[in-house]
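A.B. asks: Mind having a look at this structure? Questions to follow.
Residue numbers (full-length UniProt numbering): 1 to 166.
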C-alpha cells in the first residue's frame with residue numbers, strides 16, 4: 001500500500017520507542033483515613049545507613065512479578081499494619097525517581113479497614129510502628145524531613161480532596 005498515497009507504517013506512528021520511558025519499579029499502596037481524616041502512616045525500621053530508615057509513609061510496597069497492583073496494595077496494607085482492607089477508590093499513579101535515578105510508578109487507592117482488626121504490623125522486621133497522624137502532625141513530620149517522599153504529601157492531599165468531593 002505504500003506509494004499509493006499511504007505513508008509507511010513507521011510514519012503513521014505518532015509516538016515511537018524514542019518516547020517510551022523505561023520504568024524499572026512498580027509499587028502499590030493504600031491511604032486509610034479515619035473519621036477525623038487522619039492518615040494511617042507506617043514508620044520504617046530500615047537498616048543503619050538505609051535511606052528509608054526511620055521515615056514515615058503510607059502502607060505500600062513493590063509489585064511482584066505477575067501481581068496485580070491492587071493485590072499488592074491490599075497485601076502491603078496487611079503486612080505493614082495488620083489490617084485487612086478493601087479498596088474503595090483509585091487515587092492515581094505517581095511517577096517518582098529513586099536516588100539512583102531509577103523511575104518508579106506508585107499505584108494508590110483509598111481503602112477501608114475491615115471491622116474487628118487491630119492495628120498491629122505483621123512485618124515487624126520492617127515496620128517500627130503504624131499509627132494515624134492528623135494534618136498538623138503530618139505537616140510537622142514533612143517539614144522536619146521525616147516523611148519518606150514528596151509523593152506521600154501529594155497522596156495525602158489527593159485523598160483529602162477525594163473524600164471531601166472536590
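We treat Cβ as the ideally placed atom computed from N, Cα and C, and that holds for glycine.
1) Please report whether the beta-carbon of residue 82 lies at a distance below 9 angstroms from any beta-carbon of chain B.
2) Thinking just about the alpha-carbon of each residue, which of 89, 126 and 110 is nearest to the one in residue 30?
3) Counting pairs of Cβ atoms below 8 angstroms between the stretch 98-108 and the stretch 120-134, do you hit three or more?
4) Go ahead and pull the three-state DSSP assignment for residue 149.
5) Would the beta-carbon of residue 83 fall within 9 angstroms of that of residue 32?
6) In terms of residues, what are the limits of the alpha helix (DSSP H) holding residue 166?
7) Between the alpha carbons of residue 63 and residue 165, how many angstroms are there, rounded?
8) Of all the options 73, 80 and 94, which has the alpha carbon lying nearest to the alpha carbon of residue 87?
9) Here's the rule: buried if 16 or more other CB atoms are within 10 angstroms of the residue's CB, otherwise exposed. What is residue 95?
10) Buried or exposed for residue 89, going by 16 or more other Cβ atoms inside 10 Å?
C.D. replies: Straight from the coordinates:
1) Of the protein chains in the structure, only one exists, and it is not chain B.
2) In terms of CA proximity to residue 30, 110 leads the group 89, 126 and 110.
3) The stretch 120-134 and the stretch 98-108 do not touch, with fewer than three beta-carbon pairs separated by less than 8 angstroms.
4) Coil, per DSSP.
5) Contact: yes.
6) Looking at the DSSP string, residue 166 is not in any alpha helix (DSSP H), and its letter there is neither H nor E.
7) Looking at the two C-alpha atoms, the distance is approximately 29 angstroms.
8) Among 73, 80 and 94, the Cα nearest to that of residue 87 is on 73.
9) Residue 95 should be labelled exposed.
10) Looking at its Cβ environment, which holds fewer than 16 other Cβ atoms inside 10 Å, residue 89 is exposed.
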